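K.L.:
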Amino acid sequence: MLISPAFAQTAAAGGVDPMAMLQQFGPLALIFVVFYMLLIRPQQKRMKEHKAKLEAIRRGDQVLTGGGIIGTVIKVEDDKVIVDLADNVRVTVLRATITDVLTKTQPVKGGKDEGDADKAEDGKAGGLKGLLSKK
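If you count the sequence shown from 1, position 92 lands on 92 in the UniProt record's numbering, and the numbers rise without skipping.
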């Protein structure tokens, strides 16, 4: 005979042992826990830190975009950031495309915002234009 008597007896029992099922799924559950602790949880932590870093961007910070462009933040809007790349070269980028904040600046106390200075310059130009156009 090719089948041993012990093997034939266990096959004839036909009942499902709950402990046997638990022993089969135990290693699978353990592998999932290890993957969660080593891969998923640290990635979620990094994403949370990156999101907090993007929310904390302010005027004067030096940032790196996804395209590898480094510039200084001039103005921060809701989901857009205006970045100064060189003299008179300003680019509007989405906040989500910023990959890193290279240098942080301290908040200016009592100082005017860059946007206020731009409005003042526009007012001066408008005033000069108004003076020249008056008859």
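C-beta atoms are modelled at their ideal positions from N, C-alpha and C, and glycine is treated no differently. Computed from a predicted structure; not experimentally measured.
In the DSSP assignment, find the alpha helix (DSSP H) that holds residue 34 and state where it starts and stops.
P.N.:
18-35
K.L.:
Assuming residue 73 contacts residue 95 under a Cβ cut-off of 8 Å, what Cβ separation, rounded to an integer in Å, is found between them?
P.N.:
Incorrect: roughly 10 Å between the Cβ atoms, too far for contact.
K.L.:
Going straight from the alpha carbon of residue 53 to that of residue 32, what length do you get?
P.N.:
30 Å
K.L.:
Quickly, what does DSSP pair residue 98 with across the bridge? List them, please.
P.N.:
65
K.L.:
Alpha carbon to alpha carbon, how far is residue 87 from residue 63? Give it in angstroms, no decimals.
P.N.:
16 Å
K.L.:
What's the gap between the Cα of residue 24 and the Cα of residue 48?
P.N.:
36 Å
K.L.:
Thinking residue 91 and residue 101 are a contact (beta carbons under 8 Å), I'd like their distance in whole angstroms, please.
P.N.:
About 16 Å; that fails the 8 Å criterion.
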